[in-house]
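In what follows, a structure is listed as structure tokens, so that the remarks can point back to it.
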Amino acid sequence: MLIDMMSGQLIQRVPYENEYKIFMSRMLPEEIEVIKERLNVMIHGTEIQTAGWMPGKDWSDTPFDPIYQKAARKNPDLAARCFGLMVWEVFMERPETWTSGRFEKNGEPIGSRTYFLAK
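Here is the structure:
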């Protein structure tokens, strides 16, 4: 479950829904399932995650490679966007309550969303 940090409202939709649907249509359901399973493994037992720091830089031979190869058609900026939207959806689907926002590190914008386990 994902709630808005400022309003406390339940978030039930992925942003940029039309673009997200296009990304997802370019991958096989099995590929999407494996990506989501891997994200859930990465999230399980943690209290904080920053989307852009989760996948690592080289997605070759990882469950995330179809995002780059297929969904984003080898465009690294679109791959990052698709990945971030998938992370958003995975947090929405989790049983625990999470919230998220955009933050800075050492005075510089992080560039991706950070998710926090709500207590």
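Take 526 as the starting number for the sequence shown in my numbering and just add one per residue. Note that CB positions come from ideal geometry on N, CA and C, so glycine has one too. Predicted model, so just to flag it, every value in this text is computed and none were measured.
Can you name the start and end residues of the alpha helix (DSSP H) that residue i belongs to?
i	result
TRP613	601–618
Beta carbon of residue i, beta carbon of residue j: below 8 Å?
i	j	result
TRP613	MET526	no
ARG479	PRO601	A question about residue 479 goes unanswered here, because the residues of the chain that appear run from 526 up to 644.
LYS595	ARG551	yes
LEU642	GLU621	yes
Assuming residue i and residue j make a contact with CB atoms under 8 Å, what is their CB distance in whole Å?
i	j	result
MET611	ILE560	6 Å
MET530	GLY626	5 Å
ILE573	THR639	7 Å
Hey, could you find the ends of the beta strand (DSSP E) residue i is sitting in?
i	result
GLY626	623–626
Can you check which of these residues, the options, is closest to residue i by C-alpha distance?
i	options	result
ASN543	CYS607, LEU642, SER637, GLY632	CYS607
PRO580	LEU553, ILE557, ALA605	ALA605
ASP586	PRO540, GLY577, LYS630, GLU556	GLU556
LYS630	TRP584, GLU558, GLY577	GLY577
Considering only residues of the region 528–606, which uninterrupted alpha helix (DSSP H) runs meet the minimum length of 4 residues and lie entirely inside it, listed in chain order?
-> 542–550, 554–568
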